[in-house]
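Chemist: Sequence order for the protein chains is A and B. Residue 0 is where the first sequence starts when you use numbering that gives the first Met the number 0, and the numbers rise one by one after that. Residue 0 is where the second sequence starts when you use numbering that gives the first Met the number 0, and the numbers rise one by one after that. Take this structure first; my questions come after.
There are 2 protein chains.
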Amino acid sequence: MSDGLTVPFALAAGLSGAVASSGIVITAGLAEVAAGSIAMGLGGYLAARSDAEHYASEYRRERQEVQDVPEVEAQEIVTILETYGVTPQESAPVIAALQRKPEAWIEFMMRFELGLEPPNPQRALISAATIGGAYIVGGLIPLAPYFFVPTVRDALGVSVGITLAALAVFGWIKGGFTGTPRIRSAAQTLLVGGAAATAAFMLAKAIS
Amino acid sequence: MSDGLTVPFALAAGLSGAVASSGIVITAGLAEVAAGSIAMGLGGYLAARSDAEHYASEYRRERQEVQDVPEVEAQEIVTILETYGVTPQESAPVIAALQRKPEAWIEFMMRFELGLEPPNPQRALISAATIGGAYIVGGLIPLAPYFFVPTVRDALGVSVGITLAALAVFGWIKGGFTGTPRIRSAAQTLLVGGAAATAAFMLAKAIS
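See the structure below:
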């Protein structure tokens, strides 16, 4: 959503510095929103599916190794735990327990050797739809003024105002979720959006 | 780089269906590349910095807990290992070892309870610069024909050709790194780029 606010906003601001027609700003803005939402949503979904396949292929490899070379896998656990000061004697009971339950052993290796979490394909689909949808919603905010305000220059002013407000609110809310102090999070989304829009505006102005 | 190829390509294709001037396509395309590279590069850098701060704050919390309520932390390890079939007696030696080295204990909790890896701020900076730079390089490929080919319609044809070729090559190379079969990876980047460009083209055509 932050990208959806930032990039169409910056593109519209950039074009406002270069062309006189709201129609072109709207056409370019909506084309960007369509392209960006598909690239991020569909791209994100396919990446998540690749991750799921990577997990499955690593799982098969670990299962094979636990079956074929259990002593190598046991030694790997000893080595991992040794980095935390656990001696081979102390880790031996854990290894003995895992050897009783090969399925648990494979999952232990996936998580603690490879650092991989089991993926959730259902969640990947929801997440892709959310990303794509949020990009559309975010992108329509900076473009809306160009529909309603007669001149490009005036529409740009309104767009800058509501988009910076939306970026600040979005950053503020996001800070609550990520644990970054809210005021810092709001300042960061404003900084990224402002820098992107300024660069796009100056570049478009320079070449037009 | 895949996004850098996809979104400016789709935007330029969309505008080619709606406007007659290469100048506008180039202006919009370069504005998008400037905005996108800053949003992705700077945004990625700030996100990485937030991750590093999140790690540091979680680390402080774990250190406090290991100091103040070591029996609670010890019980957490018992619980984690029990999900893998390790009994409390079998995990006791590991806990005793960690209690000898509180620093290692904290790191053990960070990795095995919270699943957090120590972040690398240096790498975040390089990664942000790489992402931003790759977006610029990727974005210039679909825009290049509009500089050199006289009419928008002809430039669109050349742009479609070289961008689809670049997407396929990029997907092919990426497959080698991610472990996805190369041909599938190439088909996926083509699918995302093609879908985004088609949607942008049809939308821009419909509203113009």
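Where a beta carbon is used, it is the ideal one built from N, C-alpha and C, also for glycine.
(1) Does the structure place the segment 75-86 of chain B close enough to the segment 0-17 of chain B that three or more beta carbon pairs sit under 8 angstroms?
(2) Would the segment 26-43 of chain A and the segment 139-147 of chain A be scored as touching if the rule is three or more Cβ pairs under 8 angstroms?
(3) Going by CA-CA distance only, name the one from B:PRO118, B:PRO69, B:GLU112 that's closest to B:ALA95.
(4) With a floor of 4 residues, list each alpha helix (DSSP H) that falls wholly inside the segment 44-120 of chain A, ordered by position along the chain.
(5) Check the Cβ-Cβ distances between B:THR236 and every residue of chain A, and say whether any is below 9 angstroms.
(6) List the endpoints of the continuous alpha helix (DSSP H) containing A:THR188.
(7) Compute the beta-carbon to beta-carbon distance between B:PHE169 and B:LEU4, rounded to the nearest angstrom, for a pair I have assumed lies under 8 angstroms.
(8) With A:ALA167 as the anchor, note down where its alpha helix (DSSP H) starts and where it stops.
(9) Looking at chain A, is there any beta carbon in it that lies within less than 9 angstroms of the beta carbon of B:ILE62?
(10) Does the Cβ-Cβ distance between A:GLY138 and A:SER36 come in under 9 angstroms?
(11) State the DSSP-derived secondary structure class of A:ALA143, mapped to helix, strand or coil.
(12) Nearest chain A C-beta to B:ILE206 closer than 9 angstroms, yes or no?
(13) Which residues in chain A have a C-beta closer than 7 angstroms to the C-beta of B:ARG99? List them in chain order.
(14) B:VAL6 by DSSP, collapsed to three states: which one?
(15) Within the chosen definition, does the segment 53-61 of chain B reach the segment 51-70 of chain A through at least 3 CB pairs nearer than 8 angstroms?
(16) Less than 9 angstroms between the beta carbons of A:ILE206 and A:ALA38, yes or no?
(17) Against chain A, does B:GLN66 count as a neighbour if the rule is that its beta carbon must be under 9 angstroms from one of theirs?
(18) If contacts are defined as beta-carbon pairs under 8 angstroms, then B:GLY174 and B:ALA185 qualify, I think. What distance do you get, rounded to the angstrom?
(19) Along chain B, in chain order, which residues have C-beta atoms closer than 7 angstroms to that of A:PHE111?
(20) With a threshold of 9 angstroms between beta-carbons, can A:PRO92 be considered close to chain D, or not?
(21) Apart from the five residues just before and just after A:LEU202, which ones in its own chain have a Cβ nearer than 8 angstroms to its Cβ?
(22) Relative to the C-alpha of A:ARG48, which residue among A:PRO180, A:THR150, A:ALA123, A:THR162 is closest?
(23) Just confirm the distance between the C-beta atoms of A:GLY131 and A:GLY40, as a whole number of angstroms; I'd bet it's less than 8 angstroms.
(24) Using a C-beta to C-beta distance shorter than 8 angstroms, which residues of chain A count as neighbours of B:SER56?
(25) Do B:THR188 and B:LEU166 have their CB atoms nearer than 9 angstroms?
(26) Under 7 angstroms between beta-carbons, which chain A residues line up against B:GLY49? List them in chain order, please.
(27) Rounded to whole angstroms, what is the Cα-Cα separation between B:SER21 and B:PRO149?
(28) Run through chain B and tell me which residues come within less than 7 angstroms of A:LEU10, C-beta to C-beta.
(29) To the nearest angstrom, report how far apart B:ALA51 and A:GLY156 are at their CA atoms.
Modeler: By the coordinates alone:
(1) no
(2) yes
(3) B:PRO69
(4) 69-81, 87-99, 101-107
(5) Since the first and last residues shown for chain B are 0 and 207, residue 236 of chain B lies out of range.
(6) 181-206
(7) 7 angstroms
(8) 151-177
(9) Reading the sequence as shown, one finds Arg at residue 62 of chain B and not Ile. Not closer than 9 angstroms to any Cβ of chain A, the Cβ of B:ARG62 fails to qualify, so no.
(10) yes
(11) helix
(12) yes
(13) Simply GLY84.
(14) Helix at B:VAL6.
(15) no
(16) no
(17) no
(18) 7 angstroms
(19) PHE111
(20) Protein chains A and B are contained in the structure displayed, whereas chain D is not.
(21) GLY13
(22) A:ALA123
(23) 3 angstroms
(24) GLY178
(25) yes
(26) Position check: residue 49 of chain B holds Ser in this sequence, whereas Gly was assumed. The contacting residues are THR177, THR179.
(27) For B:SER21 and B:PRO149, the gap between their C-alpha atoms comes out near 8 angstroms.
(28) ALA27, ALA30, GLU31, ALA34
(29) 36 angstroms
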